[in-house]
Amino acid sequence: MILEESGLADWRKAGKISAVALDYGRKLIKKGALLIEVCNAVDAKIVELGARPSFPSQISLDHVAAHYCPEAGDRTILDVQVCKLDVGACVNGAMGDNAATVDLSGNYAELAAASEKALAAAIKVVKAGIALGEVGKVIQETIASYGFSPIRNLSGHGLGKFEIHTKPTVPNFDNGDKTQLQENEVIAIEPFATTGKGTIYESANAEVFMQASDRQTRDSEVRKVLERIRSYEKLPFAKRWLLKEFPAFKVSVALKILEQQGIIHGFPPLIEEAKGIVSQAEKTVLVKADGCEVLTEVTD
Ligand code: MN
Ligand code: MN
């Protein structure tokens, strides 16, 4: 999305809260912590800071690259995993999206550095007029210099008002895309580095969903659930959020029907094909004529 000058304050605020929440969350990632409690604490922090989650906070472990969102009874305990914490804040529709890797194993510092340095290198070259493929090339080369592979079928993206994923696609390798970044475009850059093959597949059992259509549904019970889903204003939501209000069987049935009808869309966990370990780093930036402004930055 090309940002209008008038909306800039909200985007900066959303970015800053996203970064503060990420910082807060990464400090909670420790051996013995319950994954779901960290996610809940980060979501609550975002609200406390005057925003709402752009999407449910997620912690994906080891060979799970992204989109692991705990279900209500999740008992996952953080121990010696490579944890990717992905969080974002939304302020009046302005969106932030950022992520970092916390290596609890102590064995993957280089892998974490690879995605972080690739992100830093990409931020250095991003400016209006650069081709998307060029950004991908910088990411790919940086990750390769550490001896790892970028994940080619995961990419950064544009952000729009109440839209977490929009054009353009910001590749993690040189995909030959000549499309140029434009001034005042808001994009998330998110390199993933892996010890594996460099591709992911979608697993089953999504815990994150998003309203995809304004259509109504016929069944009155399903409608009640859809009513709540509509209150999320097309931001991704966690299945467990609905369980505070509706019985579990009702939620499961409603989500299944709504997904079949194309009214909602699920985001299942994304798994590295060779079960390689994955690291991720992500920031949201505003493209400028001669560089970019990192929006997801802790500033005072
Ligand atoms: Mn993200
Ligand atoms: Mn993203």
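Count along the sequence shown starting at 1, add 14, and that's the number in my numbering. Don't be surprised by glycine CBs; every beta carbon is placed ideally from N, CA and C. In this text the structure is predicted, and so the values were computed from the model without any measurement.
Secondary structure at Ala145: strand, using DSSP grouped into helix, strand and coil. Runs of the beta strand (DSSP E) lying entirely within the region 266–291 and spanning at least 3 residues, in chain order: 278–280, 284–286. The alpha-carbon separation between Leu284 and Thr115 amounts to approximately 16 Å. Counting along the chain, the unbroken alpha helix (DSSP H) around Asp57 starts and ends at 49–62.
Three or more beta-carbon pairs separated by less than 8 Å are not found between the region 242–253 and the region 26–44, which leaves the two stretches without contact. Exposure of Lys270 is indicated by the presence of fewer than 16 other C-beta atoms within 10 angstroms of its C-beta.
With a cutoff of 9 Å on beta-carbon distance, Pro70 and Phe251 are scored as near each other.
Here Lys59 is not near Leu75, since their CB atoms are 9 Å or more apart. Thr209 and Ser217 have their alpha carbons spaced roughly 19 Å apart. Residue environment analysis places Val94 among the exposed positions, since fewer than 16 neighbouring C-beta atoms fall within 10 angstroms of its C-beta. Relative to the Cα of Thr310, the nearest Cα in the group Val236, Ile73, Val105 belongs to Val105. When only Cα atoms are considered, Ala132 and Gly143 end up about 20 Å apart.
Going by DSSP, Leu173 is part of the beta strand (DSSP E) stretching over 170–174. Note that the region 137–157 touches the region 176–185; at least 3 beta-carbon pairs, one per stretch, sit closer than 8 Å. Around the beta carbon of Asn121, a 10 Å sphere encloses fewer than 16 other beta carbons of the protein chains shown; the residue is thus reported as exposed.
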